[in-house]
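**Q**
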Amino acid sequence: MSNDEAIKAQFEPKIVAFFCNWCTYTAADLAGTARMVYAPNVRVVRIMCSGRLDPQFVLAALREGADGVLIGGCHPGDCHYQEGNYKALRRFTLLKSLLKSMGIEQERVRLEWIAASEGDKVQRVINEMTETVRQLGPLRLEPTIYNLIEDSLLKIPETATLAKGDEL
Amino acid sequence: MSKPKVGFYWCASCGGCEEAIIDLAEDILPVIEAVDIVFWPVALDFKRADVEAMPDGDLAVGFINGAIRTSEQHEMVELLRSKSQLIIAFGSCAHLGGIPGLANMFNRQEMFDEVYIKSPSVNNVEKVLPSEKIDIPEGKLTLPSMWDTVKTLDQVIEVDYYLPGCPPPVNLIKDALKTILSGELPPNGTVLAPDVALCEECSRRDSKPEDLALREFKRPHEIIIDPQQCLLAQGLLCLGPVTRKGCGAACINVNMPCTGCMGPTGRVTDYGAKALSAIASSVDSKDEKEIAEIFNHIVDPVGTFYRYSLPASLLHRHYQQAKSRGK
Amino acid sequence: MSTTEIRSNGTPKVGVYVCHCGINISSKVEISKTVEFAKTLPYVTIVRDYKFMCSDPGQELIQQDIGEGKVNRVVVASCSPLMHEPTFRNVMAKGGENPFFFQMANIREHVSWVTRNKEEGTKKAKSLIAAAVCRVALHQPLERKRVSIHPDVLIVGSGIAGIHAALTLADSGKKVYLVEREPTIGGHMAKFDKTFPTLDCAACILTPKMSAVLAHPNIILWTYSEVIGVDGFVGNFKVKVKRKPRYVNEELCVGCSECIEACVYKKARVEDEFNVGLSKRKPIYIPFPQATPLVAVIDEASCLELKRRKCKKSCVDVCEPNAIDFDQTEEIKEIDVGAIILATGFKTFDARRIFRYGYGKYNNIYTSLEVERMVNAAGPTSGEVILKSGQAPKMVAIIHCVGSRDNNTNRYCSRVCCMYSLKIAHLIKERTGAEIYNFYIDMRTPGKGYEEFYDKLLKEDVHFIRGRVAEITDWAMTPEEEGKLIIRAEDTLVGAVRRIPVDMVVLSVGLEPQADTEEVRRLFNISCSDDGWFLERHPKLAPVSTFTDGVFLAGACQGPKDIPDSVAQAGAAAAEAMALIDRGYVELDPNTAYVQEDFCSGCKTCVNICPFNAISFDGDKNVAVVNGALCKGCGTCVAACPSGSLQQNLFTDEQILNEIKGVVSYV
Amino acid sequence: MSYLYYPGCSAKSTGKAYEESLLAVFSALQIPTIEIEDWNCCGATAYMSISELKAFALCARNFALAERQSKGTTMIDLIVPCAACYLGLKKALLYLREYPEIRTKVDESLHSAGLKYTGHIRIRHPLDILVNDVGLKKIASLVTHPLDGFRVACYYGCQVIRPYADFDDQHEPSTMDKIVESLGAEVIDWPIKTRCCGGSLTGTVQEYGLRLSYNLLKEAKKRGCNVIATSCSLCQFNLECYQRQMKRRFKDKVNVPVAFFTQLMGMAFGIPSRQLGLHRLLVPLQQPSKTKADVGGHHVYN
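Chains as they are written, first to last, in numbering that gives the first Met the number 0: chain E, 0 to 167; chain C, 0 to 326; chain X, 0 to 666; chain V, 0 to 301.
(1) If we call anything under 8 Å between Cβ atoms a contact, is I285 of chain X one with M209 of chain X?
(2) Listed from N- to C-terminal order along the chain, which residues in the segment 79-93 of chain C have their beta-carbon within a distance smaller than 8 Å of any beta-carbon of chain E?
(3) Would DSSP call Q55 of chain E helix, strand or coil?
(4) Is M418 of chain X close to chain B? Criterion is C-beta to C-beta, closer than 8 Å.
(5) Pull up the distance between the alpha-carbon of G95 of chain X and that of G66 of chain X, whole angstroms please.
(6) Strictly under 8 Å for the Cβ-Cβ distance: is Y318 of chain C near chain E by that measure?
(7) Apply the 10 Å Cβ neighbour rule to R351 of chain X and answer buried if 16 or more other Cβ atoms are within range, or exposed otherwise.
(8) Are any of the Cβ atoms in chain X nearer than 8 Å to that of V76 of chain C?
(9) From the beta carbon of D176 of chain V, is the nearest beta carbon of chain X less than 8 Å away?
(10) Quick check: the segment 241-255 of chain C against the segment 207-217 of chain C, are there 3 or more CB pairs under 8 Å?
(11) Between the alpha carbons of R145 of chain X and C605 of chain X, how many angstroms are there, rounded?
(12) Helix, strand or coil for R102 of chain V, going by three-state DSSP, please let me know.
(13) Do we get a CB-CB distance below 8 Å when we pair T114 of chain X with the residues of chain E?
(14) Indicate the three-state DSSP secondary structure (helix, strand or coil) for N657 of chain X in the structure shown.
(15) In the DSSP assignment, what residue or residues form a beta bridge with S118 of chain C?
(16) Of all the CB atoms in chain X, is at least one closer than 8 Å to the CB of E171 of chain V?
(17) Residues in the segment 25-56 of chain E with C-beta within 7 Å of chain C's C-beta atoms, listed in sequence order?
(18) Given that W112 of chain E touches chain X, what residues does it touch there, using C-beta distances under 9 Å?
(19) Taking 8 Å as the cut-off, decide whether the C-beta atoms of T151 of chain C and A11 of chain C are in contact.
(20) Count the other CB atoms, across all protein chains shown, that sit within 10 Å of the CB of M266 of chain V; report buried if there are 16 or more and exposed otherwise.
(21) I need the straight-line Cα distance from G276 of chain V to T477 of chain X, nearest angstrom please.
(22) Run through chain C and tell me which residues come within less than 9 Å of K93 of chain X, C-beta to C-beta.
(23) Should D326 of chain X go down as buried or exposed, given a rule of 16 or more other Cβ atoms within 10 Å for buried?
(24) What residues in the segment 259-282 of chain C bring their beta carbon closer than 8 Å to a beta carbon of chain E?
(25) Taking only the alpha-carbon atoms, compute the straight-line gap between P29 of chain C and P168 of chain C and give it to the nearest angstrom.
(26) Going along the chain, which residues of its own chain have a beta-carbon closer than 7 Å to the beta-carbon of C640 of chain X, five neighbours each way excluded?
(27) List the residues of chain E whose Cβ lies closer than 9 Å to the Cβ of A628 of chain X, in chain order.
(28) Using a C-beta cutoff of 8 Å, does T23 of chain E count as contacting chain C?
(29) Flag D617 of chain X as yes if its beta-carbon sits less than 8 Å from any beta-carbon of chain C, otherwise no.
(30) Tell me whether the beta-carbon of D192 of chain X lies closer than 8 Å to the beta-carbon of C203 of chain X.
(31) Between L184 of chain C and Q233 of chain C, what straight-line distance do the alpha-carbon atoms span, to the nearest angstrom?
(32) Counting Cβ pairs closer than 8 Å, one from the segment 225-239 of chain X and one from the segment 389-406 of chain X, do we hit at least three?
(33) In whole angstroms, give me the CA-to-CA distance for T121 of chain X and V75 of chain X.
(34) Using a Cβ cut-off of 8 Å (strictly closer), state whether K603 of chain X contacts chain C.
(35) Determine whether the beta carbon atoms of A54 of chain V and G87 of chain V lie at a separation below 8 Å.
(36) Inspect the CB distances between the segment 531-540 of chain X and the segment 424-433 of chain X and report whether three or more fall short of 8 Å.
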């Protein structure tokens, strides 16, 4: 519907990124020092290790209004804390399948291994991710629980008619 | 002076919560000694009008079980809210959405189609669906409207306390009543159950290994369960570690893994996400493919991790369905 | 999402300080708008902006506001926390507030430097500031744990860098373990003849240092040994070293070489590593006359006795001190050290990788390292520059930038090749009087006395042709080219393609990271830059530190370097290590995990999640226990804890969830 | 594995022997090769240098025909033996992928002819296919008449490996060497195997063209080669047909047979010489005498 396209047209995705302190956050700093310009849509939350990433954080970000979540950790075998990134990988894998069954597009959540020296990869991944999410359009998890009540006011299906009492 | 008045009401629930009150057995007598039950549609004959007649705040406590999914339930709980000093969300459904909350994987249209048309046991040639207003010679019949999204009680009205469980364990109910009658009220929003996970009171606690390494997930009917050993150690997906204690590990004692009806502990925002995180952490593999393989054993992630708490989860409901509603 | 209860220092009063960083930030972030926005955020009492927050006056602003009780939490919106977080935490402390009531918003590296226009920049900056404010309001007062530092130092690699670092530390009274993979110390420098630009003999300046290492009471030298395990953390590393059997007892051997004479191999048959294959050695050998320690070594691959236990062992018979011991076995040493210096050096580029230069295909094409040996009086040709035929070359070409400044091999400049090419040109000229052609892209001779050396060579009428050599071929087109190696190159100054027939070609091969850099990197838990060299913590301000505290870099393992630079850097690394040790303790960031015992259900999920075995299970209390000293603060266990009873200082669920709320819901 | 075959003009004229031997060898290897119906010029030299767009359109037509012919196939491998065609088609493929503006124009022109090109084409040189798809083992297994005594200079020329070196090294190609060795012949060290044969210069500024091809022949001969193997019709033409002129101009009788590498393969497989177009060679190719000519040039030390 044209209305939706209109929304898409001026839609600027909000993406929350969780970067590990040692590899990916450092890489993002490197991208900065090297003045690698990239899409402004990703906002980084620093955690010490991708292993700290609690799936709750991903859901919370989406609930708070993010349209996508990017997770960055050290390459397998390179974790500053030896194994954190593997734990992240396991949680992420299961979380993805959960999100899938919750009807949320897989592409909205992405896990990338980015080493401290890979500033260019930060740039690439962020640009890609922003584009992908832009294509998917806004994730309308808003409004939050408190206005979920109007959320539940229905378009009346042919078979039924709304009784007066139903108007809230 | 007159005894404090209490009311019970049920919304989208199975009736088990009412049973739980009956399960108080002879202990219900002191309760009746202490309070006047002035509203309890299941057990005693009261009408909405009776409640409407009450002055606001007339009820000391309103116990509401069941999730909220119809306009009628919504009206009733709002009514009760205005009439009661305290509202207690009674049982998993009112607390977290409960089993009925799994309906949030679909929208109303889908459910109607399934229940009134597709279901093999249904013979509904004219495809009649419940409609909210029907004209008949005698006049007009109306039904409450059914919502797309099932909600927890606190998503529609303010809730003072929660009694978790499906149904709430008798001892917890007793304690709750004692506390409330004692007048020494805990802070608002308290869940009236110990804020520690189930493992602590689990009879198999000591048999849980420190180096749990999950490589596959079995389902209860697939194996012969050792009645002593920790169920997780036997490859069964037991959610005890994630779930609030207070039930005395009732299910586990009869060889059934915990499915989480008591909900999360106070420090956890999203039960399913936390459960998922804990379970995934104990998986023993570093290979992407293999990991995916292992998780394929979990047939229905949502049903497993959000069995009682989908509406209370951060996502509340299936997303595409919500979107397809094109609001 | 989370309850903001009142913290120990009262209701949060957050001060937000926005830094212009000159124009670094202000050019892409509308400071005034950002300031206005910050004022609207919860708990914010003061918002200021300043040109350079990290400057003294900038720091003053914060201290004052704290002093006057206007703020008790601080957010500084400026550069990366990896840059200035420590600075501002100190400011907090100076102001009399707990250093951890502080949060940084990275609006430079993550915003102004990577964003195209001011509008976008401002928006992003706002969101990051909001996040920091929401988070800092929930911060807890914390204390840094102090851990004492083990005073000994491990140095890996004993080229000139390793040697210099070792001596510096040892002289200052530190105990040093110097571990070298080869049978002798000395590294590449020991192979050189002369050193540029002074042309003093490498051996003459190196060997005294080598003997000093051996003699030094504070240096424990383990040659023919490799580090195989590193555990622990800054100040308290536990290191495993494998000492390979050399089948000669170091204590007994006097280095008389009788055994080598006596070896059943009458002729030397094994390729001589030290002479980079230009000569042969025997299975039992001493790498070179000044080898340190001067002890023979037997190589398993070629020794009959070791290969098939049937040799008449004439070496044993002649060895008076009975030093030879075929039953020697590999030995694992475990040591504790407080700091580690990596000086693992480089390897030279394998010229075979460039077909067109015919290395390994044609005769008389040598790498610069081979020539270093050739011109060395102690080398395979005892210092004579000769062709395979035995005669001296009349025409010699020196090809610069082989494996450097080349997109097909290495993009970087190897820094030393121009200078050593000049040196080699001089030495060959000196020994043979041959016509010498240097083919270069650019002459790069920065350094004390370097340019002068270049001039000197120009006066020695060595030819310089500016142009990258296209190929070296034996395709003769004219009689005078017959039997020669023909260099085809464009002379970009003349603007013509030239064919120059020569007798000998020297390939000035570039420097590359050691073949096992990847394993070493993992072993010591440090990073590499994308061209494979060890990555320093900061290219300018922390050139010898790494991202792993207590591990320092010296010499070419961090990037191509000549001898003066390697020595200088080795000194710097030694100084850093010294500073660390003499402080006596390290302060660990307090971002460790902790158990809320009242809530812990004793489910044990966390216990084996921890890679550092910092978590144990207390059966009596039925709770998990975190050992603060072992915990490195990754927070993996916290994410795993099913009941949220484990939390991480500075990164509690509550703080992160609030940061998330802040980063998305305000802008 | 089946391929579509794009002959190009030379295969039907001066380079007929190339096609004959190629098809013979491929059928011996049981590799079906279907010729594109109604194929047209690859737009090589002339067009490319006058109007690229026209050249691309010509190439695109061939692609479209190929796709139409093998509809359904996800990826079509197009055998292109002629070096010029190989380069031309490759270039077109690349430009059509990289430059939308060109693509749209070309699509229009195709459309007007009722054709469509979707981009499911790969341009493959026989050398590539023989080494990477067929494999040297298979080739060796078919050798019934090993080429003893043949001392071959493998000549790659320019266009097959430059600028797009997809299957071999730009400066040190070796695919042909490997094939020829697997036929039992000796490959001589001949550092100029990628040098220019004179190309079309031989037809325009002959003295330069001749000089270039003469250099190649002379050096090959000096290194004791008794046959030059080529993978390009024009190279073969330049090197072989002008040997008489060279004799006149450079007072040097070269007289080296120049064969297509496919012809050598055919000989080794024992395919009758007529089927290999050997009779078309101007400098006849006979079984060399076993005595090896002395070798100039240098050899690898030890």
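Beta carbons are placed, not taken as given, at the ideal position from N, Cα and C, and that holds for glycine.
**A** The structure says:
(1) One-based indexing of the third sequence puts residue 285 of chain X at position 286. One-based indexing of the third sequence puts residue 209 of chain X at position 210. Not closer than 8 Å, so no.
(2) Those would be none; no residue qualifies.
(3) Numbered from its first residue, the first sequence carries residue 55 of chain E at position 56. In this structure, Q55 of chain E counts as helix in the three-state DSSP scheme.
(4) Checking the listed chains, one finds no chain B in this structure; the protein chains it contains are E, C, X and V.
(5) Taking the first residue of the third sequence as 1, we reach residue 95 of chain X at position 96. Taking the first residue of the third sequence as 1, we reach residue 66 of chain X at position 67. Within the model, the alpha-carbon separation for G95 of chain X versus G66 of chain X is close to 7 Å.
(6) Your numbering for residue 318 of chain C matches position 319 in the second sequence. Under the Cβ distance rule, Y318 of chain C counts among the residues neighbouring chain E, one pair being separated by less than 8 Å.
(7) Looking up residue 351 of chain X in the third sequence gives position 352. By the neighbour-count rule (16 or more Cβ atoms within 10 Å), R351 of chain X is not buried but exposed.
(8) For the purposes of this step, residue 76 of chain C is identified with residue 77 of the second sequence, where counting begins at 1. Cβ-Cβ to chain X under 8 Å: no for V76 of chain C.
(9) The sequence position of residue 176 of chain V within the fourth sequence is 177, counting from 1. Closer than 8 Å: no.
(10) With a cut-off of 8 Å, the segment 207-217 of chain C and the segment 241-255 of chain C do not count as touching, because too few Cβ pairs lie within range.
(11) Walking along the third sequence from the start, residue 145 of chain X turns up at place 146. Walking along the third sequence from the start, residue 605 of chain X turns up at place 606. One C-alpha to the other measures close to 25 Å.
(12) As a first step, residue 102 of chain V is located in the fourth sequence; it is residue number 103 there, counting from the start. Three-state DSSP puts R102 of chain V in a helix.
(13) Numbered from 1 along the third sequence, position 115 holds the residue referred to as residue 114 of chain X. Closer than 8 Å: yes.
(14) Numbered from its first residue, the third sequence carries residue 657 of chain X at position 658. Look at N657 of chain X here: in three-state DSSP terms it is helix.
(15) Looking up residue 118 of chain C in the second sequence gives position 119. For S118 of chain C, DSSP records no beta bridge to any residue.
(16) Against the fourth sequence, residue 171 of chain V aligns to sequence position 172. Answer yes: the Cβ-Cβ gap between E171 of chain V and chain X drops below 8 Å somewhere.
(17) So the list reads D53, P54 and Q55, given in the order they occur along the chain.
(18) By one-based count along the first sequence, residue 112 of chain E stands at place 113. Under the 9 Å cutoff, chain X gives no residues; its nearest Cβ is about 13 Å from W112 of chain E.
(19) The sequence position of residue 151 of chain C within the second sequence is 152, counting from 1. The sequence position of residue 11 of chain C within the second sequence is 12, counting from 1. No, the pair does not count as a contact, with Cβ atoms beyond the cut-off.
(20) Taking the fourth sequence and counting its residues from 1, the one referred to as residue 266 of chain V is at position 267. Buried, by the Cβ-count rule.
(21) Here residue 276 of chain V is taken as the residue at index 277 of the fourth sequence, counted from 1. Here residue 477 of chain X is taken as the residue at index 478 of the third sequence, counted from 1. One C-alpha to the other measures close to 37 Å.
(22) The count along the third sequence starts at 1 and reaches residue 93 of chain X at position 94. The contacting residues do not exist; K93 of chain X stays about 35 Å from chain C at best.
(23) Taking the third sequence and counting its residues from 1, one reaches residue 326 of chain X at position 327. Residue burial is scored here from C-beta neighbours: D326 of chain X has fewer than 16 other C-beta atoms within 10 angstroms and is therefore classed as exposed.
(24) Within the segment 259-282 of chain C, the qualifying residues are V267, T268, D269, G271, A272, K273, L275, S276, I278, A279, S280 and V282.
(25) If you number the second sequence from 1, residue 29 of chain C lands on position 30. If you number the second sequence from 1, residue 168 of chain C lands on position 169. Their Cα atoms are separated by approximately 18 Å.
(26) Position 641 of the third sequence, counting from 1, holds the residue named residue 640 of chain X. Counting only Cβ-Cβ distances below 7 Å, and skipping sequence neighbours, we find T604 and C605.
(27) Here residue 628 of chain X corresponds to residue number 629 of the third sequence, with the count starting at 1. None at all; the shortest Cβ gap to chain E is about 16 Å.
(28) Residue numbering aside, residue 23 of chain E sits at position 24 when the first sequence is read from its first letter. Chain C contact via Cβ: absent.
(29) Reading the third sequence from its first residue, position 618 is the one you call residue 617 of chain X. Chain C, which has no Cβ nearer than 8 Å to the Cβ of D617 of chain X, makes this no.
(30) The sequence position of residue 192 of chain X within the third sequence is 193, counting from 1. The sequence position of residue 203 of chain X within the third sequence is 204, counting from 1. Here D192 of chain X is not near C203 of chain X, since their CB atoms are 8 Å or more apart.
(31) Position 185 of the second sequence holds residue 184 of chain C. Position 234 of the second sequence holds residue 233 of chain C. One C-alpha to the other measures close to 42 Å.
(32) Taking 8 Å as the limit for Cβ pairs, the verdict is that the segment 389-406 of chain X does not touch the segment 225-239 of chain X.
(33) Stepping through the third sequence from its first residue, residue 121 of chain X is reached at position 122. Stepping through the third sequence from its first residue, residue 75 of chain X is reached at position 76. Here the alpha carbon of T121 of chain X sits roughly 15 Å from the alpha carbon of V75 of chain X.
(34) As a working note, residue 603 of chain X is residue 604 in the third sequence. K603 of chain X counts as touching chain C.
(35) Here residue 54 of chain V corresponds to residue number 55 of the fourth sequence, with the count starting at 1. Here residue 87 of chain V corresponds to residue number 88 of the fourth sequence, with the count starting at 1. Yes. Within cutoff.
(36) The answer is no - the segment 424-433 of chain X does not touch the segment 531-540 of chain X, with fewer than three Cβ pairs under 8 Å.
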